[in-house]
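**Q**
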Amino acid sequence: MHRPCCSPFPRFARVPVVLLPENLDQFLLVFGLGAARTIPLVWSVPAFGGPTLPAQVRLVLGIALSALCFPILSAHPPVGGDLFWMLLAGREVVVGTAMGFVCSCVFRAAEAAGQLTDVLRGANLAEAISPVGAGRSSPLGILMLLLFVVVFHRIGGVGMIAVALARSYDAIPLIAPLPFGKTTHAMAILAVVASGKLIESAIGLCAPAVVALLLADIVLGALGRSAPQIPLYFVGMPLKALLGVGAVLIGLATLDETMQQTFQG
Numbered sequence: 329m330h331r332p333c334c335s336p337f338p339r340f341a342r343v344p345v346v347l348l349p350e351n352l353d354q355f356l357l358v359f360g361l362g363a364a365r366t367i368p369l370v371w372s373v374p375a376f377g378g379p380t381l382p383a384q385v386r387l388v389l390g391i392a393l394s395a396l397c398f399p400i401l402s403a404h405p406p407v408g409g410d411l412f413w414m415l416l417a418g419r420e421v422v423v424g425t426a427m428g429f430v431c432s433c434v435f436r437a438a439e440a441a442g443q444l445t446d447v448l449r450g451a452n453l454a455e456a457i458s459p460v461g462a463g464r465s466s467p468l469g470i471l472m473l474l475l476f477v478v479v480f481h482r483i484g485g486v487g488m489i490a491v492a493l494a495r496s497y498d499a500i501p502l503i504a505p506l507p508f509g510k511t512t513h514a515m516a517i518l519a520v521v522a523s524g525k526l527i528e529s530a531i532g533l534c535a536p537a538v539v540a541l542l543l544a545d546i547v548l549g550a551l552g553r554s555a556p557q558i559p560l561y562f563v564g565m566p567l568k569a570l571l572g573v574g575a576v577l578i579g580l581a582t583l584d585e586t587m588q589q590t591f592q593g
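If you're matching positions, the sequence shown starts at 329 in the numbering used here and goes up one per residue.
1) Check for me: the alpha helix (DSSP H) holding L444 runs from which residue to which?
2) Does the Cβ-Cβ distance between E439 and M472 come in under 8 Å?
3) Do the segment 365-381 and the segment 390-405 meet, that is, are 3 or more Cβ pairs less than 8 Å apart?
4) Only counting the same chain, and skipping five residues up and downstream in sequence, which positions put a Cβ closer than 7 Å to that of L381?
5) How about A540 and L571: do their beta carbons lie closer than 8 Å?
6) Going by DSSP in three states, D554 sits in which element: helix, strand or coil?
7) Taking only the alpha-carbon atoms, compute the straight-line gap between V563 and V385 and give it to the nearest angstrom.
8) Out of D353, S372 and M427, point me to the one whose CA is closest to V521's CA.
9) Rounded to the nearest angstrom, how far is the Cβ of A441 from that of A569, given a contact under 8 Å?
10) Drop a sphere of 10 angstroms on the beta-carbon of R436, count the other beta-carbons inside from all chains shown, and report buried for 16 or more, exposed for fewer.
11) Kindly indicate which three-state DSSP category S465 falls into: helix, strand or coil?
12) Excluding the 5 residues preceding and the 5 following P349 in the sequence, name in chain order all residues of the same chain whose CB lies nearer than 6 Å to its CB.
13) So, helix, strand or coil for P379, using DSSP?
14) Just verifying my parser: in three-state terms, what is the DSSP assignment at V373?
15) Expressed to the nearest angstrom, what Euclidean distance is found between the alpha-carbon atoms of V423 and A550?
16) Taking the straight line between their C-alpha atoms, what separation do you get for G524 and P536?
17) Given that a residue counts as buried once 16 or more other Cβ atoms are within 10 Å of its Cβ, and exposed if not, what is R482?
What follows is the structure, given as structure tokens:
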């Protein structure tokens with residue numbers, strides 16, 4: 329007997345058909361503009377993995393972060409030709425790079441504080457490959473950097489960056505015809521201020537170790553004048569090395585609150 333059937337493939341007769349949206353090109357362009365600002369941000373912040381993380385994974389993280397900003401971007405999408413979209417994407421890359429530089433200054437300040445402590449305690453030649461940084465760093469520099477990464481994730485730093493990213497579209501929206509010179513000047517001033525804050529924060533973070541090592545040098549100098557026969561170089565170097573590590577470990581308890589305030593700022 330022949331059984332009638334409306335489809336030669338009855339098993340797949342009820343599979344729903346997925347229809348793509350009519351404005352798919354507009355959707356992809358707007359989403360790409362969001363990724364142009366978020367990918368440089370993720371690329372620069374060591375808390376997202378740093379250079380040791382594969383580039384494909386960092387691209388996925390940047391695209392995922394841009395999905396959070398898509399409702400803001402799709403509310404008022406820009407309209408223009410191909411040249412307009414290319415210039416706008418280039419501006420978004422510059423804005424994302426500036427934001428990534430400012431966010432990474434906090435981590436670089438911590439690493440610089442550890443490196444400065446290693447220089448003062450005589451361990452500047454001891455270097456190792458940084459797991460979340462670019463190139464090599466000193467032992468205390470790596471320790472401080474990893475500590476800041478842990479504190480960053482513990483206090484919800486990803487959410488803070490998402491909020492800052494959303495606020496950046498209020499400062500530099502996509503549809504506003506901002507003058508290029510004014511925007512470039514503002515970002516240059518921001519980079520200079522962030523660099524100054526980096527140096528200030530690095531010195532402030534290593535201040536306990538700097539004070540302890542300075543007092544140690546004063547004591548060793550006074551001891552050398554009173555007892556010249558003591559080989560201060562061979563005695564002082566290991567003592568200063570241990571004193572620097574001890575000052576950093578003792579100061580870690582008080583650095584937690586300081587790091588939280590720095591991230592929130």
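C-beta: ideal position from N, C-alpha, C; glycine also. Here the structure is a predicted model, which means the values were calculated and not measured.
**A** In short:
1) DSSP places L444 inside the alpha helix (DSSP H), whose first and last residues are D410 to L448.
2) Yes, the pair counts as a contact, with Cβ atoms nearer than the cut-off.
3) Output reads yes: the segment 390-405 touches the segment 365-381.
4) Around L381: no qualifying Cβ.
5) In this structure, A540 lies near L571, with their beta-carbon atoms less than 8 Å apart.
6) The sequence as given places Ser at residue 554; Asp does not occur at that position. In this structure, S554 counts as helix in the three-state DSSP scheme.
7) Cα to Cα, V563 sits roughly 49 Å from V385.
8) Measuring C-alpha to C-alpha distances from V521 to each of D353, S372 and M427 identifies M427 as the nearest.
9) Actually they do not touch by this definition, with Cβ atoms about 17 Å apart.
10) So R436 counts as buried.
11) In the structure shown, S465 adopts extended strand secondary structure according to DSSP, grouped into three states.
12) In this prediction, P349 has a pLDDT of 49, which is less than 50 and means its spatial position is unreliable; what the coordinates show is noted afterwards. Around P349: no qualifying Cβ.
13) It is helical.
14) Correct three-state label for V373: coil.
15) Near 54 Å, if we compare the C-alpha coordinates of A550 and V423.
16) C-alpha separation (whole angstroms): 20 Å.
17) That one is exposed.
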